[in-house]
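In terms of the working numbering, the sequence shown has 249 at position 249, counting the first letter as 1, and numbering is strictly consecutive.
Where a beta carbon is used, it is the ideal one built from N, C-alpha and C, also for glycine.
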Amino acid sequence: MNRPMTYQTERRAVGRSTTHIAFACAASLAAILAFGHSEARAQAPATPAAGQQVALVTGSTSGLGREVALRLAAGGAHVIVHGRSAERGMEVVAEIGRAGGSARFYQADFASFADTRAFGEAILRDYERLDILVNNAGFGSAPNERLVSEDGHEFRFQVNYLSHFMLTRMLMPRVLNSAPSRIVNVSSLAQTPIDFDDVMIQQDFSGGRAYAQSKLAQVMHSIDLAEELAGTGVVVSSLHPATYMPTGMVRRAGVEPRSTIDEGANAVMQLILSDAFDSGAFFRGMEEGRANAQAYDAAARARLKALSEELTGIR
Ligand SMILES: NC(=O)c1ccc[n+]([C@@H]2O[C@H](COP(=O)([O-])OP(=O)(O)OC[C@H]3O[C@@H](n4cnc5c(N)ncnc54)[C@H](OP(=O)(O)O)[C@@H]3O)[C@@H](O)[C@H]2O)c1
Numbered sequence: 001m002n003r004p005m006t007y008q009t010e011r012r013a014v015g016r017s018t019t020h021i022a023f024a025c026a027a028s029l030a031a032i033l034a035f036g037h038s039e040a041r042a043q044a045p046a047t048p049a050a051g052q053q054v055a056l057v058t059g060s061t062s063g064l065g066r067e068v069a070l071r072l073a074a075g076g077a078h079v080i081v082h083g084r085s086a087e088r089g090m091e092v093v094a095e096i097g098r099a100g101g102s103a104r105f106y107q108a109d110f111a112s113f114a115d116t117r118a119f120g121e122a123i124l125r126d127y128e129r130l131d132i133l134v135n136n137a138g139f140g141s142a143p144n145e146r147l148v149s150e151d152g153h154e155f156r157f158q159v160n161y162l163s164h165f166m167l168t169r170m171l172m173p174r175v176l177n178s179a180p181s182r183i184v185n186v187s188s189l190a191q192t193p194i195d196f197d198d199v200m201i202q203q204d205f206s207g208g209r210a211y212a213q214s215k216l217a218q219v220m221h222s223i224d225l226a227e228e229l230a231g232t233g234v235v236v237s238s239l240h241p242a243t244y245m246p247t248g249m250v251r252r253a254g255v256e257p258r259s260t261i262d263e264g265a266n267a268v269m270q271l272i273l274s275d276a277f278d279s280g281a282f283f284r285g286m287e288e289g290r291a292n293a294q295a296y297d298a299a300a301r302a303r304l305k306a307l308s309e310e311l312t313g314i315r
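Put into structure tokens, the structure is as follows:
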């Protein structure tokens, strides 16, 4: 595939913030040098200022992720914008730049492990810190057909869960290096237990089941990460942001919106900013809640982790 962004090769020296998620510095200006055909697209490498916090929001070219990216940039963080659409991604970067903030777009298709791995490697190369990782990119329940990823896996399981598993594990050295830091996994109340005899849902497929399985897998990963990272200063959480926000996936499902993107973004921002919950927590909007029972089954989580390591090749 064409990779429109030229990932920059130089390393940047950035300072280490001691202020907990208090966006430290005035933001630097993001500038776009050129934007044309995909091969010709390039952007000035907006770099974090010394001490400036760095946030990555996957799936920030639209919907909830876009709003969270704008808010993080307005709070003073340098924001890594991600998605498949370079056009929408560059628009988000430009909007952040017009407001005086700092951002940079990276394109990666999470239906491809090669793409996801290249993205992770580019971030490791280009950034020395990662204070906030919001795993938000997602593909919804519509269309109700069994799609397959580039790697041959059930599509939602790879896009929504496995690729975030891979990316999070790859970026862990930067997240640890930036502690106190945060990982927020944007899940859903739609949660279906994983059938370990048919994880790729060859039988009884529905888009809703595939979506809900991937969303529960994200919660299970959050709980595992919280246990693994206890005592490191990295706080992990997952949430259902809000019910039927007016976003792309809800429009594609033909569902009438019931809440606003602002409500969902408030819930995500709370998990980035608040100290009033324990690592591993699952939130329903602004309130702490319980996920599907399988999330609290340590044996099921161990099985999922082993499978995820095998499928992604990441340990
Ligand atoms: N909307 C709701 O009511 C609701 C409720 C509960 C949970 N959520 C969760 O909220 C998160 C954000 O969703 P949204 O509602 O804001 O939907 P959205 O507007 O459709 O946004 C989805 C984002 O994910 C990215 N994405 C989709 N497929 C991708 C792929 N293969 N590779 C890389 N990026 C991909 C999209 O970027 P490109 O288009 O540029 O690829 C886009 O930025 C999702 O995790 C969703 O499950 C939403």
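8 Å Cβ cutoff met for residue i and residue j
| i | j | result |
| --- | --- | --- |
| L133 | L171 | yes |
| L147 | F157 | no |
| N136 | V57 | yes |
| Y106 | F119 | yes |
| L64 | P241 | yes |
| L239 | F277 | no |
| V54 | I80 | yes |
| M249 | G140 | yes |
Residue range of the beta strand (DSSP E) that includes residue i
| i | result |
| --- | --- |
| S238 | 234-240 |
| Q270 | Element bounds for Q270: not the beta strand (DSSP E) but the alpha helix (DSSP H), 261-273. |
| A281 | 281-284 |
| E287 | 287-289 |
Limits of the alpha helix (DSSP H) - the one that residue i falls within
| i | result |
| --- | --- |
| S181 | S181 -> not in any alpha helix (DSSP H); beta strand (DSSP E) instead, spanning 181-186. |
| Y211 | 207-228 |
| V134 | No alpha helix (DSSP H) holds V134; the beta strand (DSSP E) holding it covers 132-135. |
| M172 | 163-177 |
| A253 | 248-253 |
Local Cβ density within 10 Å of residue i, reported as buried at 16 or more and exposed below that
| i | result |
| --- | --- |
| D198 | exposed |
| P143 | exposed |
| P173 | exposed |
| A281 | buried |
| F196 | exposed |
| Q294 | buried |
| S85 | exposed |
| A230 | exposed |
Cβ shell of residue i (< 8 Å), same chain only, five flanking positions each side left out
| i | result |
| --- | --- |
| S28 | Confidence in S28 is poor, its pLDDT being 31 and thus under 50, which makes the residue's placement unreliable; the coordinate value appears in the next sentence. Correct list, in chain order: A46, T47, P48, A49, Q52, H78, S102. |
Close-in-space but distant-in-sequence residues of the same chain around residue i (CB under 7 Å, 5 per side omitted)
| i | result |
| --- | --- |
| D224 | R301, K305 |
| S336 | Missing from the structure shown is residue 336; the chain here goes from 1 to 315 and no further. |
Close-in-space but distant-in-sequence residues of the same chain around residue i (CB under 6 Å, 5 per side omitted)
| i | result |
| --- | --- |
| I183 | L133, V236 |
task = Report the residue ranges of all beta strand (DSSP E) runs contained in full by the stretch 48-118; include only those spanning at least 3 residues, in chain order.
result = 54-57, 78-83, 102-107
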